[in-house]
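S.K.: First the structure, then my questions, so here it is.
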Amino acid sequence: MQVVEDNVRIQREDSLEYYKIICSFPYQNHPIFYENDSVRKAYIKLLHHYAKKDVHYQKYYKPIITLYEHCFNIEEEEICKEQTSQSSLKLAKEIRKTRWKLEKAKLYVYNYKYMFFAHYLLLIYGYVSMDHPCVLDVTYKHNLKINYKDAETIVRFINALKAGDFEAAKSYLNLKKFHYLRFYYDAYKKQVEFLKDVEKRYLIVGTMSSGKSTFLNSLIGQEIFPSQNEACTSKVFTYAHRPYIKHFIVQHDQSEFFDCLIDGVESTMNELNENPLIEHVYVEGKMSDIFQVESRVVFIDTPGTNNSMNRSHEDITFKAIQSEQYDAIFYLINATQLGTDDDRRLLSYVKEHIENNSDKQVVFIVNKADEIDEEANESLQGLLESTKTYLKQNGFEKPSIILLSAYVGNLCQKVLKGEDLTRREQNQFDFFYDYFAEETQDLTKYATIPCAFQAEVPNDQREVKIKNKTYDIKRIYTVLQQSGIYQIKNYM
Numbered sequence: 033m034q035v036v037e038d039n040v041r042i043q044r045e046d047s048l049e050y051y052k053i054i055c056s057f058p059y060q061n062h063p064i065f066y067e068n069d070s071v072r073k074a075y076i077k078l079l080h081h082y083a084k085k086d087v088h089y090q091k092y093y094k095p096i097i098t099l100y101e102h103c104f105n106i107e108e109e110e111i112c113k114e115q116t117s118q119s120s121l122k123l124a125k126e127i128r129k130t131r132w133k134l135e136k137a138k139l140y141v142y143n144y145k146y147m148f149f150a151h152y153l154l155l156i157y158g159y160v161s162m163d164h165p166c167v168l169d170v171t172y173k174h175n176l177k178i179n180y181k182d183a184e185t186i187v188r189f190i191n192a193l194k195a196g197d198f199e200a201a202k203s204y205l206n207l208k209k210f211h212y213l214r215f216y217y218d219a220y221k222k223q224v225e226f227l228k229d230v231e232k233r234y235l236i237v238g239t240m241s242s243g244k245s246t247f248l249n250s251l252i253g254q255e256i257f258p259s260q261n262e263a264c265t266s267k268v269f270t271y272a273h274r275p276y277i278k279h280f281i282v283q284h285d286q287s288e289f290f291d292c293l294i295d296g297v298e299s300t301m302n303e304l305n306e307n308p309l310i311e312h313v314y315v316e317g318k319m320s321d322i323f324q325v326e327s328r329v330v331f332i333d334t335p336g337t338n339n340s341m342n343r344s345h346e347d348i349t350f351k352a353i354q355s356e357q358y359d360a361i362f363y364l365i366n367a368t369q370l371g372t373d374d375d376r377r378l379l380s381y382v383k384e385h386i387e388n389n390s391d392k393q394v395v396f397i398v399n400k401a402d403e404i405d406e407e408a409n410e411s412l413q414g415l416l417e418s419t420k421t422y423l424k425q426n427g428f429e430k431p432s433i434i435l436l437s438a439y440v441g442n443l444c445q446k447v448l449k450g451e452d453l454t455r456r457e458q459n460q461f462d463f464f465y466d467y468f469a470e471e472t473q474d475l476t477k478y479a480t481i482p483c484a485f486q487a488e489v490p491n492d493q494r495e496v497k498i499k500n501k502t503y504d505i506k507r508i509y510t511v512l513q514q515s516g517i518y519q520i521k522n523y524m
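Numbering-wise (the working numbering), the sequence shown opens with residue 33 and increments by one.
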């Protein structure tokens, strides 16, 4: 027990990261999620009633409540409503009530009091002893009727989880009465072990018109970053892949607080981007499902450089190239504007920096390759050769180059998710649905390194309908593949 206590005390240095883990649990799989309205409300309301007395929970309860409100369909006002001793006792009785369920021809007797107690302990940061006020408060004072031995087992189980001793934690799950505690074991272990993996970091740079934000949105599978054809990103955005969450965790600068965003994430990103007092925004969320990435990946998006419009954007980008920690640079080039003065200046700075950092790889992504004009005798092969020549002239002898249409990647993912398209988007998608289905328009063929990854087409759906038009799923994945988006995985 002493080892567990010492390990937890070491972890107390960063309560912010701990509560991010708590906010990364898949609450849509929580057993209470499937219960009736009365049980869900009793569970969540009482949970907040007890936890709000803890100083650490008080600091981070806002994002936690946001998740509970969304996942368990309970209004924040109802969750945070003050409870009297009588009303809290009534809620406790609902939680400890014995229930029966038939599973695999066996009658299963259960209640939620053990799960509730474990959940409550997780909301309290750090090691918890048996004489901690929270233990006495929940188990005895408000009559959840958890005996001392069971309470002690759950306390040890949670302390082992917090210490990362998963072997010890698992040993406490043998009894049937603690069956539901496995949710916390699985959720916490998955997050902690994921965070132990080696992190790969990629810096995204390019001029204002290169489509960096569209590119990043295509990797996320959702348009959360502003991507209009103007100077969009005005600060550095760091996006960390968390494969097990369906929302976004957002923090800015050196703030000790974070938000959980489920709806309205696009407008929030715009507000943060337009706030001149904010220099750096940190976002955690999953990458698009089409990539099936389970390792730690971080993308650092910088402002598009354009000297004539906003010199500060260039300054921010140059500073990021110099000071950010990253393994490789994704350098985006606009296929229709090869060789601008802004681009040459940025190329020169990147070249100068990597000459002193030979371990840094640069991957050149020629975006908007779908916009070349074949009727004006332009071709994909010609675009690749022109890019090679241009980069060689700027000091890159053997550049890694891929051709890409991030916009097409975004459109395909919107269609696959059944999202509504504007009339313009649907007309464009109809064109690309035919254009990129042709073998001659496969962008992956025009790259210095062949694409090593193929799109994995799901078997559970054959077609999707958008505004009374039906599209073949397999063909959409072919368009995705040939738009070049999967080539990114070559470098992850």
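No residue lacks a Cβ here, since even glycine has one placed at the ideal position from N, Cα and C.
Small disclaimer: the values here were computed from a predicted structure and weren't measured.
(1) Please work out which residues of its chain come closer than 7 Å, Cβ to Cβ, to residue 416, disregarding the five sequence neighbours upstream and downstream, and give them in chain order.
(2) Please classify residue 62: does DSSP put it in a helix, a strand, or coil?
(3) For residue 107 and residue 97, what's the separation of their Cα atoms in angstroms?
(4) From residue 421 to residue 222, what does the alpha carbon distance come to, in whole angstroms?
(5) Taking C-beta to C-beta, are residue 402 and residue 327 nearer than 9 Å?
(6) Apart from the five residues just before and just after residue 55, which ones in its own chain have a Cβ nearer than 7 Å to its Cβ?
(7) Taking the alpha-carbon positions, what's the residue 352 to residue 418 distance?
(8) Excluding the 5 residues flanking residue 410 on each side, which residues of the same chain have their C-beta closer than 6 Å to its C-beta?
(9) Would you decide whether residue 397 is buried or exposed? Buried here means 16 or more other CB atoms lie within 10 Å of its CB.
(10) Spatial neighbours of residue 70 within its chain, please: CB distance less than 8 Å, with the 5 preceding and 5 following residues excluded, ordered by chain position.
(11) Report the partner residues of residue 210 according to the DSSP bridge assignment.
(12) Residue 74 and residue 123: beta carbons closer than 9 Å?
(13) Quick check on residue 242: buried or exposed, where buried means 16 or more other Cβ atoms within 10 Å of its Cβ?
(14) Which two residues bound the contiguous beta strand (DSSP E) that contains residue 393?
(15) Give a yes or no on contact between the region 206 to 226 and the region 187 to 198, applying the rule of three or more CB pairs nearer than 8 Å.
(16) Return yes when the Cβ of residue 385 is within less than 9 Å of the Cβ of residue 354, no when it is not.
(17) Whose C-alpha, out of 446, 490, 337 and 234, is nearest the C-alpha of residue 523?
(18) According to DSSP, simplified to helix, strand and coil, what is residue 414?
(19) Skipping 5 residues on each side, what residues in its chain have a beta carbon closer than 8 Å to that of residue 502?
(20) CA-CA distance, residue 298 and residue 164?
(21) Ends of the alpha helix (DSSP H) at residue 444?
(22) With DSSP as the reference, please indicate the residues paired to residue 331 in a beta bridge.
(23) So, helix, strand or coil for residue 292, using DSSP?
(24) Between which two residues does the beta strand (DSSP E) carrying residue 432 extend?
(25) Starting from residue 497, trace the beta strand (DSSP E) in both directions and tell me its first and last residue.
(26) Based on Cα-Cα distance, which residue from 156, 105 and 146 lies nearest to residue 83?
(27) Can you give me the start and stop residues for the alpha helix (DSSP H) that residue 458 sits inside?
(28) Can you give me the C-alpha to C-alpha distance between residue 263 and residue 240, rounded to a whole angstrom?
(29) Does the distance between the C-beta of residue 470 and the nearest non-hydrogen atom of the ligand NAD fall short of 8 Å?
(30) For residue 274, count the other beta carbons within 10 Å of its own beta carbon; 16 or more makes it buried, fewer makes it exposed. Which is it?
(31) Determine which residues share a DSSP beta bridge with residue 316 and list them.
(32) With residue 349 as the anchor, note down where its alpha helix (DSSP H) starts and where it stops.
(33) Excluding five sequence neighbours on each side, which residues of the same chain lie with their C-beta closer than 7 Å to the C-beta of residue 441?
(34) On the DSSP bridge assignment, give the partners of residue 239 in chain order.
(35) Whose C-beta lies closer than 7 Å to the C-beta of residue 201 among residues of the same chain, with five residues either side of it excluded?
M.R.: Considering the structure as presented:
(1) 433, 435 and 478
(2) coil
(3) 9 Å
(4) 47 Å
(5) no
(6) 95, 96, 99, 281 and 292
(7) 28 Å
(8) 404
(9) buried
(10) 126
(11) BP columns for residue 210 are empty, so no partner.
(12) yes
(13) buried
(14) 393 to 399
(15) yes
(16) yes
(17) 234
(18) helix
(19) 495 and 496
(20) 42 Å
(21) 438 to 448
(22) 234 and 271
(23) strand
(24) 432 to 435
(25) 495 to 498
(26) 156
(27) 455 to 467
(28) Legend: pLDDT at residue 263 = 47, less than 50; position of this residue unreliable, no value from coordinates given.
(29) The ligand NAD is not part of the structure shown, which contains no ligands of any sort.
(30) buried
(31) 272 and 281
(32) 343 to 355
(33) 250, 512, 515 and 517
(34) 337
(35) 189, 192, 193 and 217
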